[in-house]
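To start, the structure under review is shown below, and the notes come after it.
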Amino acid sequence: GNVTEIYNFSAGPAVMPKSVVKKIQAELPSYKGSGMSIMEISHRSSLYVDMQNEAESDLRQLMNVPDDYDVLFLQGGGTLQFDTIPLNLARREKTVAVVDSGHWAVRARQEADLLPGISTYAAASGEAENYTKLPYSLNLDRPCDYVHVTLNNTIEGTMYRKLPDVKGNVVVADMSSNILAQRYNVEDFGLIMAGAQKNIGPAGLTVVIVKHSLLDESQNLPSMLDYVKLSKKHSTLNTPPVFAIYAAGLVFKQLLEEGGVDAAQKRNEEKSRLLYEFLDNSKLFKSPVFADDRSTTNIPFVTGDEELDRRFIKEADEAGFKNLKGHRLVGGMRASLYNAFPLKGVRALVEFMEKFETEIKG
Ligand code: PLP
19 GNVTEIYNFS AGPAVMPKSV VKKIQAELPS YKGSGMSIME ISHRSSLYVD MQNEAESDLR
79 QLMNVPDDYD VLFLQGGGTL QFDTIPLNLA RREKTVAVVD SGHWAVRARQ EADLLPGIST
139 YAAASGEAEN YTKLPYSLNL DRPCDYVHVT LNNTIEGTMY RKLPDVKGNV VVADMSSNIL
199 AQRYNVEDFG LIMAGAQKNI GPAGLTVVIV KHSLLDESQN LPSMLDYVKL SKKHSTLNTP
259 PVFAIYAAGL VFKQLLEEGG VDAAQKRNEE KSRLLYEFLD NSKLFKSPVF ADDRSTTNIP
319 FVTGDEELDR RFIKEADEAG FKNLKGHRLV GGMRASLYNA FPLKGVRALV EFMEKFETEI
379 KG
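Going by our numbering, the sequence shown runs without a break in its numbering and finishes at 380.
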């Protein structure tokens, strides 16, 4: 067909590695010579089981996941995890301390509050600064089962490079928007969760990495919400999202070939630095985010004039820079630069922004 070159800045579902999309296309009619598409293969077949095992072992290698952590491939998105995590881990105190660093932290709190018998509190909040700066100083005087931290705030564009002091409490990490894009030490966390649709693959897969000793074998929750049962059945308690796991597995392989997470982080730092340097020197555009807390994967920016923002988004779209409209909660623009987003796309965007700026400011 007639494919025009565009750059996709979507916050999610987001850009995939082109080589992976091509590989999927090539092997879609017949997976490993079986004569069947990956979409047509039973999740009880050895073809499938081998594929899932390989995806898991590649992910373990990429993130250095210790053996005493379970890796689960689930459905329901990050949002279902906002319920599943407290159901499984908020057992003793029945209390979750949430670091309120933005919209997704608020959502995590709202969902946990819907669960009978479970309560939450904010250990700190960045709300007073409109979430442009990360809260680091936590008040954890009230006992809690764990501290929920959103490592990368997709909407506000902030990212924890180091963890706040959680005073020995278990940390649950929402890594939805920078899993595999930024190096973290898995052992710092009791649980990590991430939807696949940003740095990993198609929507429909949710990755959970949980320290096994935190789980209670006797809890007997509804099956699809019970990490113990899901783990015992190797994430195939019911039909898993076969295609999404397959595509994720290809992304893991590709990332291993490209030097793993450390190399990806370096590339993300280089890409985001280009854009931040431009923003900091621009007379028209600016980043609203406190410099030390800026995300490498989600970069909001504004002109300060909503009319001008709209014009910029429209002209950028026509020039092939897609999905630059900011989240409805913060307005302006947002460029998401996940692992699969190419450096040359950032260069092209900066050039386009320079031209736009000259048009406006002369
Ligand atoms: N947490 C973060 C940090 C997110 O960015 C998102 C979605 O963008 C979610 C949670 C919710 O994920 P899902 O849409 O998979 O439920």
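Glycine included, C-beta positions come from ideal geometry on N, C-alpha and C.
Rounded separation between residue i and residue j - CA only
i    : j    : result
V385 : N82  : Because the chain is modelled from 19 through 380, residue 385 falls outside the range shown and cannot be assessed.
N341 : R352 : 8 Å
M177 : M211 : 16 Å
G19  : G267 : Any reading at G19 needs caution, since the residue's pLDDT is 46, under 50, leaving its predicted position unreliable; the model's value is listed next. Answer to the nearest angstrom: the Cα atoms are 27 Å apart.
G96  : R125 : 10 Å
T168 : D335 : 30 Å
Y255 : E325 : The sequence as given places Leu at residue 255; Tyr does not occur at that position. Using only the alpha carbons, I get a separation of about 51 Å.
K251 : S305 : 46 Å
R160 : D206 : 21 Å
V204 : E333 : 42 Å
L233 : R291 : 40 Å
S28  : Y164 : 32 Å
R285 : Y356 : 10 Å
A265 : L46  : 11 Å
A366 : Q43  : 28 Å
L239 : E111 : 18 Å
A295 : E288 : The amino acid occupying residue 295 in the given sequence is Glu; Ala does not appear at that position. About 11 Å.
K41  : G53  : 16 Å
V39  : M242 : 30 Å
Opposing strand residues paired with residue i [DSSP bridges]
i    : result
D192 : T168, M211
V228 : D88, L209
T138 : V114
A353 : I317
K340 : N26
Reduced DSSP category for residue i - H, G, I as helix; E, B as strand; rest coil
i    : result
S143 : strand
Y25  : strand
M177 : strand
P104 : helix
I263 : helix
S75  : helix
A126 : helix
K301 : coil
R312 : strand
M54  : coil
Q70  : helix
N286 : helix
Beta-carbon contacts of residue i that lie in its chain and below 7 Å, excluding the five residues immediately before and after
i    : result
Y49  : S55, I56, I59, L65
L302 : T321, E375, I378, K379
D76  : G267, F270, K271, L274
E369 : none
A142 : V117, D118, P153, S155, L156, N157
K151 : G144, F308, D311
T257 : H61
L133 : D101, P104, L105
Q283 : A199, Q200, R201
Beta-carbon proximity list for residue i, same chain, < 8 Å, skipping 5 on both sides
i    : result
V260 : I56, M57, I59, H61, Y66
V279 : L80, M81, L198, A199, Q200, R201, L273
A262 : A214, G219, P220, A221, G222, L223
W122 : G96, T168, N171, T172, I173, D192, S194
Q237 : N106, R109, D244, V246
S74  : The sequence shown places Glu at residue 74, rather than the Ser named in the question. Taken in chain order, the residues that qualify are V89, F91.
I227 : M81, V83, Y87, D88, V89, L90, V204, F207, L209, I210, M211
Own chain residues within Cβ distance below 6 Å of residue i, not counting five before or after
i    : result
T138 : V114, V116, R127, A130, D131
V33  : N26, A358, F359
G382 : The structure shown does not extend to residue 382, since the chain is modelled only from 19 to 380, so the question has no answer here.
D183 : none
G344 : P318, G350, M351, R352
I136 : P104, A108, K112, A130
Q99  : M211
Are the segment 170-190 and the segment 307-319 touching by the rule of at least three beta carbon pairs closer than 8 Å? Touching, per the Cβ criterion.
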